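2 protein chains.
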Amino acid sequence: MLATWHRVFAVDRFEVMAPPALDTIDMPQPRLAAIPPALEAICRQDRYERALHAYGRSFLDSAKMFRGDFRRAPDVVAYPRTEDEVRALIDWAGGIGAAVIPFGGGSSVVGGVNPEVGDGYAGVVTIDLWHLNRLLEIDRASRSARFQAGIYGPDLERQLKAHGLTLRHYPQSFELSTLGGWIATRAAGHYASLGTYIDDYVESIRMVSPAGTSESLRVPASGAGPSPDRFVMGTEGAVGIITEAWIRVLDRVRHKASRTVTFPTYAEGAEAVRAIAQAGLNPSNCRLIDAREAMLTGSHDGSRPILVLGHESSHYPVDAQMELTVALCRDFGGEPVAEAGTGDGEGGRTVAGQWRNAFIRGPYYREHMTARGICRETFETAVCWRGFAELHGTVMAAVEAAILRVTGRPGTVTCRFTHIYPNGPAPYFTFHCLPDRARMDEQCMEIKVAAYDAVTKAGGTITHHHAVGRLHMPWYERQRPAPIGAAFAAAKKALDPAGIMNPGVIIAAAGRGA
Amino acid sequence: MLATWHRVFAVDRFEVMAPPALDTIDMPQPRLAAIPPALEAICRQDRYERALHAYGRSFLDSAKMFRGDFRRAPDVVAYPRTEDEVRALIDWAGGIGAAVIPFGGGSSVVGGVNPEVGDGYAGVVTIDLWHLNRLLEIDRASRSARFQAGIYGPDLERQLKAHGLTLRHYPQSFELSTLGGWIATRAAGHYASLGTYIDDYVESIRMVSPAGTSESLRVPASGAGPSPDRFVMGTEGAVGIITEAWIRVLDRVRHKASRTVTFPTYAEGAEAVRAIAQAGLNPSNCRLIDAREAMLTGSHDGSRPILVLGHESSHYPVDAQMELTVALCRDFGGEPVAEAGTGDGEGGRTVAGQWRNAFIRGPYYREHMTARGICRETFETAVCWRGFAELHGTVMAAVEAAILRVTGRPGTVTCRFTHIYPNGPAPYFTFHCLPDRARMDEQCMEIKVAAYDAVTKAGGTITHHHAVGRLHMPWYERQRPAPIGAAFAAAKKALDPAGIMNPGVIIAAAGRGA
Numbered sequence: 001m002l003a004t005w006h007r008v009f010a011v012d013r014f015e016v017m018a019p020p021a022l023d024t025i026d027m028p029q030p031r032l033a034a035i036p037p038a039l040e041a042i043c044r045q046d047r048y049e050r051a052l053h054a055y056g057r058s059f060l061d062s063a064k065m066f067r068g069d070f071r072r073a074p075d076v077v078a079y080p081r082t083e084d085e086v087r088a089l090i091d092w093a094g095g096i097g098a099a100v101i102p103f104g105g106g107s108s109v110v111g112g113v114n115p116e117v118g119d120g121y122a123g124v125v126t127i128d129l130w131h132l133n134r135l136l137e138i139d140r141a142s143r144s145a146r147f148q149a150g151i152y153g154p155d156l157e158r159q160l161k162a163h164g165l166t167l168r169h170y171p172q173s174f175e176l177s178t179l180g181g182w183i184a185t186r187a188a189g190h191y192a193s194l195g196t197y198i199d200d201y202v203e204s205i206r207m208v209s210p211a212g213t214s215e216s217l218r219v220p221a222s223g224a225g226p227s228p229d230r231f232v233m234g235t236e237g238a239v240g241i242i243t244e245a246w247i248r249v250l251d252r253v254r255h256k257a258s259r260t261v262t263f264p265t266y267a268e269g270a271e272a273v274r275a276i277a278q279a280g281l282n283p284s285n286c287r288l289i290d291a292r293e294a295m296l297t298g299s300h301d302g303s304r305p306i307l308v309l310g311h312e313s314s315h316y317p318v319d320a321q322m323e324l325t326v327a328l329c330r331d332f333g334g335e336p337v338a339e340a341g342t343g344d345g346e347g348g349r350t351v352a353g354q355w356r357n358a359f360i361r362g363p364y365y366r367e368h369m370t371a372r373g374i375c376r377e378t379f380e381t382a383v384c385w386r387g388f389a390e391l392h393g394t395v396m397a398a399v400e401a402a403i404l405r406v407t408g409r410p411g412t413v414t415c416r417f418t419h420i421y422p423n424g425p426a427p428y429f430t431f432h433c434l435p436d437r438a439r440m441d442e443q444c445m446e447i448k449v450a451a452y453d454a455v456t457k458a459g460g461t462i463t464h465h466h467a468v469g470r471l472h473m474p475w476y477e478r479q480r481p482a483p484i485g486a487a488f489a490a491a492k493k494a495l496d497p498a499g500i501m502n503p504g505v506i507i508a509a510a511g512r513g514a
Numbered sequence: 001m002l003a004t005w006h007r008v009f010a011v012d013r014f015e016v017m018a019p020p021a022l023d024t025i026d027m028p029q030p031r032l033a034a035i036p037p038a039l040e041a042i043c044r045q046d047r048y049e050r051a052l053h054a055y056g057r058s059f060l061d062s063a064k065m066f067r068g069d070f071r072r073a074p075d076v077v078a079y080p081r082t083e084d085e086v087r088a089l090i091d092w093a094g095g096i097g098a099a100v101i102p103f104g105g106g107s108s109v110v111g112g113v114n115p116e117v118g119d120g121y122a123g124v125v126t127i128d129l130w131h132l133n134r135l136l137e138i139d140r141a142s143r144s145a146r147f148q149a150g151i152y153g154p155d156l157e158r159q160l161k162a163h164g165l166t167l168r169h170y171p172q173s174f175e176l177s178t179l180g181g182w183i184a185t186r187a188a189g190h191y192a193s194l195g196t197y198i199d200d201y202v203e204s205i206r207m208v209s210p211a212g213t214s215e216s217l218r219v220p221a222s223g224a225g226p227s228p229d230r231f232v233m234g235t236e237g238a239v240g241i242i243t244e245a246w247i248r249v250l251d252r253v254r255h256k257a258s259r260t261v262t263f264p265t266y267a268e269g270a271e272a273v274r275a276i277a278q279a280g281l282n283p284s285n286c287r288l289i290d291a292r293e294a295m296l297t298g299s300h301d302g303s304r305p306i307l308v309l310g311h312e313s314s315h316y317p318v319d320a321q322m323e324l325t326v327a328l329c330r331d332f333g334g335e336p337v338a339e340a341g342t343g344d345g346e347g348g349r350t351v352a353g354q355w356r357n358a359f360i361r362g363p364y365y366r367e368h369m370t371a372r373g374i375c376r377e378t379f380e381t382a383v384c385w386r387g388f389a390e391l392h393g394t395v396m397a398a399v400e401a402a403i404l405r406v407t408g409r410p411g412t413v414t415c416r417f418t419h420i421y422p423n424g425p426a427p428y429f430t431f432h433c434l435p436d437r438a439r440m441d442e443q444c445m446e447i448k449v450a451a452y453d454a455v456t457k458a459g460g461t462i463t464h465h466h467a468v469g470r471l472h473m474p475w476y477e478r479q480r481p482a483p484i485g486a487a488f489a490a491a492k493k494a495l496d497p498a499g500i501m502n503p504g505v506i507i508a509a510a511g512r513g514a
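Written out as structure tokens, the structure is:
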């Protein structure tokens with residue numbers, strides 16, 4: 001793994017930085033000393049808990065952590081055991097003018113859980129939903145389940161498995177993120193097409209806001225006004241804390257087919273993916289990975305882009321669908337890779353298996369890369385097919401140029417599709433570079449700004465599924481129609497009159513108490 | 001057709017009421033005499049136009065029209081030719097304190113276009129988008145098209161057909177409704193599964209509100225905050241007038257399969273449909289019609305419920321899918337009907353063809369039935385599978401009892417599924433009765449209240465796709481979480497500060513100017 005990076009950056013050895021010790025980090029005293037007796041048992045103020053909740057999981061976060069900068073740690077970390085305690089914590093924070101940061105798995109890569117709320121608050125209370133992790137009810141006839149929102153991905157799947165069911169929602173953060181976090185941030189998961197977002201699996205949401213508790217009607221579909229759930233999904237904690245949800249679940253998959261196809265060029269691969277999406281073939285996996293990313297992840301030799309395809313069903317064989325999909329690939333110069341095995345087993349030595357392993361391990365490698373001074377970051381978007389070629393070209397060029405300009409030497413920029421739609425793909429970009437070790441986060445951010453400017457200039461959304469957080473706010477606000485922004489701000493004020501909920505996310509913090 | 005109703009009601013002959021003549025109807029003088037010179041050419045105040053825009057297309061509307069009651073006609077009917085004129089009309093109405101009713105095809109069956117706005121307004125201006133009917137742009141690569149919102153269904157399909165494309169959105173109102181109306185009311189169309197709502201085909205919306213004009217970013221998908229489009233869809237004109245939209249379109253269908261299956265009981269048919277939905281087979285048509293409705297529509301002999309099935313694709317044969325679907329039906333006692341023909345051709349003599357004809361002609365028959373004193377009304381919902389049997393039983397019983405109680409003699413109540421989901425069906429109910437001719441609308445409403453109470457008590461939504469309008473408001477408000485209702489009201493106030501847009505729909509009119 002590291003050998004690749006020695007080659008890429010022509011470096012013989014990366015000096016390894018040690019992470020700072022807990023007692024050496026720069027963390028001010030907590031500002032909220034007087035915790036009400038009823039809440040004392042669930043509130044923590046020790047350095048460990050405050051450090052653990054000071055950042056999300058982006059490279060920017062990682063770089064700041066390595067620098068020992070914990071000046072923005074929350075003052076209190078609360079672990080409510082019940083919804084009533086969530087309500088009591090929000091009431092307390094509102095009463096003392098403290099900001100509230102809802103915290104699921106803390107895997108945000110966009111500053112969604114970072115307590116950067118400005119100076120207008122008495123302090124910050126981070127509410128970690130760790131204990132709200134129960135399966136509350138299964139409705140087998142309707143293939144639905146009700147969970148508390150703090151449940152982590154593996155625990156949720158484990159509990160469903162006991163009933164022969166699954167949600168099959170696998171964001172890359174799966175092991176370190178929660179159902180409530182997925183819903184609040186509109187996470188995208190396993191499926192490359194059809195139900196890509198968690199949104200499509202949500203039946204009903206229960207949410208505690210400063211203004212009261214909401215629970216939407218649980219029905220399979222409703223045309224009664226704008227959907228309350230669709231309004232809550234994507235608010236990222238800015239209007240309340242999701243405490244429970246009914247979700248649609250699935251029978252476990254019994255039929256799978258997996259193939260890998262290579263293409264002469266990325267453009268031809270993209271045309272094949274467009275044809276697949278527009279034919280309604282709806283593969284569960286359809287990841288078009290450019291030649292360099294295939295090489296860097298050890299999936300392929302780097303000579304050609306690869307398309308990792310999967311079809312699956314709980315009820316019927318999918319080989320015929322796979323044949324149709326592969327046939328479409330051939331129309332655009334695609335050549336199926338001849339190999340044994342299904343390719344999606346754990347540790348599979350197939351191209352798809354190697355890719356899968358790299359995908360799952362990627363976030364864990366990052367810690368080691370940061371320690372070695374390697375900046376590894378990602379950004380993602382979605383764009384209509386008409387605009388894809390231009391977006392791909394200008395974004396790759398802009399980020400390569402920014403890396404050279406900012407760090408003084410070339411890096412790598414690669415692209416894959418994570419999700420596909422009949423009207424366009426969701427391209428996902430990864431870049432690596434060697435920033436100045438004293439200014440890793442500043443230099444990374446400078447490159448990201450160039451990336452975001454290029455993506456939005458080319459008509460892509462500022463985020464397909466990483467959410468808005470604090471990081472994407474300037475671009476998000478420019479892309480959101482101004483009257484709709486005003487409507488959302490008014491809606492937030494109705495639910496959170498004092499503006500204490502995750503300030504600065506989705507709604508600019510300037511609105512606070514105004 | 002009428003012979004059936006002679007039998008059902010044991011009546012030899014229905015006396016036919018004549019519709020009232022235009023010069024005899026009860027319509028007050030228009031209250032908005034001073035139309036600004038710049039708008040005079042597009043504003044009409046004659047009785048014909050005002051009468052034409054006084055009602056939607058429910059039986060309640062029809063009964064009031066037959067009574068000659070046009071006391072609530074709009075004062076002005078405006079036909080803007082451009083978006084600038086839409087804006088000028090809204091500005092003028094705001095300036096003089098008049099209410100604005102956006103009007104597409106006027107096919108609302110829930111009072112969505114009825115100028116019943118209370119006494120707080122200087123008058124009512126109905127804005128008919130008839131002239132905003134152009135195809136503006138086709139993006140073939142992305143399979144998308146941009147239309148003005150006032151375009152009617154047939155015109156939209158005709159224009160797409162010239163490009164080898166289709167939207168395939170066929171609500172029962174198709175011929176008499178518009179793209180903008182579909183989007184504003186979250187219409188449901190052709191597809192029994194997958195993209196059932198127009199929502200799933202909307203890429204971007206342009207809307208003129210009193211507070212400004214919004215245009216959402218056109219991308220295939222975005223995880224940036226709550227979706228602006230999902231917030232606009234379902235507002236039913238209460239926050240602005242939709243003037244344009246980008247929509248996803250499809251290649252034309254080349255492969256179809258159609259079958260009809262009968263079941264011993266409706267419950268067994270429902271179990272088969274549940275299995276089909278949960279297997280992910282996603283039929284384009286999956287209408288489970290109870291034995292009596294099959295008889296009344298001339299589709300079948302009334303001895304058994306029928307399930308009309310369709311699969312279709314633009315790209316690959318669907319016979320194998322149909323075989324899987326029919327095999328699931330057999331597991332639940334289903335027996336395929338042996339018959340020649342595809343069943344879905346125009347005027348087809350197959351069971352599915354007869355059903356299709358009755359479906360298309362139904363709304364046209366209604367005029368003749370009202371003239372004969374026959375009340376024909378519908379209501380619809382969606383409910384999770386777990387609750388379906390109870391909902392079906394209690395709703396059928398409640399409406400049959402209400403008809404007997406209110407009209408003094410039995411009527412008919414029948415049920416079909418219009419759309420299906422893995423977690424539940426969308427049952428659609430039709431009832432016929434013979435009300436007192438002097439009180440047709442009051443008696444119909446009394447029965448509908450019993451129906452709505454029963455539906456919502458059994459956990460069904462007040463509407464799956466007929467929208468909220470003015471008719472469903474009391475039940476809608478009870479089903480919507482109160483904090484979310486407050487958030488929507490605040491959002492409306494941001495977009496429509498004077499509360500002039502379609503008052504009383506979605507947001508209670510009491511909020512006006514408060």
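Note that the protein sequences, when read in sequence, are chains A and B.
Take the first sequence: its position 491, counting from 1, is numbered 491 in the numbering used here, and each next residue is one higher.
Take the second sequence: its position 9, counting from 1, is numbered 9 in the numbering used here, and each next residue is one higher.
Note that CB positions come from ideal geometry on N, CA and C, so glycine has one too.
The structure displayed is predicted, hence computed values, not measured ones.
query	result
When A/H300, A/F379 and A/H432 are compared against A/V449, the one with the closest alpha-carbon	A/F379
Positions along the segment 142-166 of chain A whose CB lies within less than 9 angstroms of some CB in chain B	S142, R143 and S144
Those runs of the alpha helix (DSSP H) which lie wholly inside the segment 10-53 of chain A and span at least 4 residues	37-40 and 47-52
Amino acids of chain A, ordered along the chain, whose beta-carbon sits closer than 7 angstroms to that of B/K64	Residues of chain A passing the Cβ test: none, with the nearest at roughly 24 angstroms.
Beta-bridge partners of B/Y197, as assigned by DSSP	B/A188
Test: B/P422 CB closer than 7 angstroms to a CB of chain A	yes
For A/H392, the three-state DSSP class (helix, strand or coil)	helix
Burial state of A/G343, where buried means 16 or more other Cβ atoms lie within 10 Å	With a pLDDT of 46 at A/G343, under the threshold of 50, the modelled position of that residue is not reliable, and the figure given next carries that caveat. By the neighbour-count rule (16 or more Cβ atoms within 10 Å), A/G343 is buried.
Within 7 angstroms, strictly: CB atoms of A/G105 and B/G225	no
Interface flag, B/H465 vs chain A, CB-CB below 7 angstroms	yes
N- and C-terminal bounds of the beta strand (DSSP E) containing B/R259	H255 to T262
B/F417, buried or exposed, once every other Cβ within 10 Å from all chains shown has been counted against 16	buried
From B/R143, B/T166 and B/M322, residue whose alpha carbon lies closest to that of B/G153	B/T166
Neighbourhood of A/G345 by C-beta distance below 8 angstroms, restricted to the same chain and skipping five residues each side	Because A/G345 sits at a pLDDT of 47, beneath the cut-off of 50, its placement in the model cannot be relied upon, and the following sentence gives the value as read from the coordinates. Cβ neighbours of A/G345 beyond the five flanking positions: G353.
Test: B/S222 CB closer than 7 angstroms to a CB of chain A	yes
Close beta carbons around A/R206, own chain, < 6 angstroms, minus the five adjacent residues each side	E215, T243 and E244
A/E377 - containing beta strand (DSSP E), residue span	C375 to E380
Beta-carbon proximity list for A/T4, same chain, < 7 angstroms, skipping 5 on both sides	L296
Spatial distance of A/E268 from A/A486 (CA atoms)	42 angstroms
Residue-level contact to chain A via CB, B/C384, 7 angstroms cutoff	yes
Cα-Cα separation, A/L179 to A/Q172	14 angstroms
Minimum Cβ-Cβ distance from A/Q45 to chain B less than 7 angstroms	no
Contacts of B/I506 in chain A (Cβ-Cβ under 7 angstroms)	G225
is_contact[B/L495, chain A] using C-beta, thresh 7 angstroms	yes
Member of A/R140, A/S142 and A/N133 whose CA lies at the smallest distance from the CA of A/R158	A/N133
Beta-carbon separation (whole angstroms), A/R248 vs A/S144, contact threshold 8 angstroms	6 angstroms
Top-ranked residue by Cα proximity to B/M27, from B/L39, B/V76 and B/F59	B/V76
Buried or exposed by the 16-neighbour rule on C-beta atoms within 10 Å, applied to B/V505	buried
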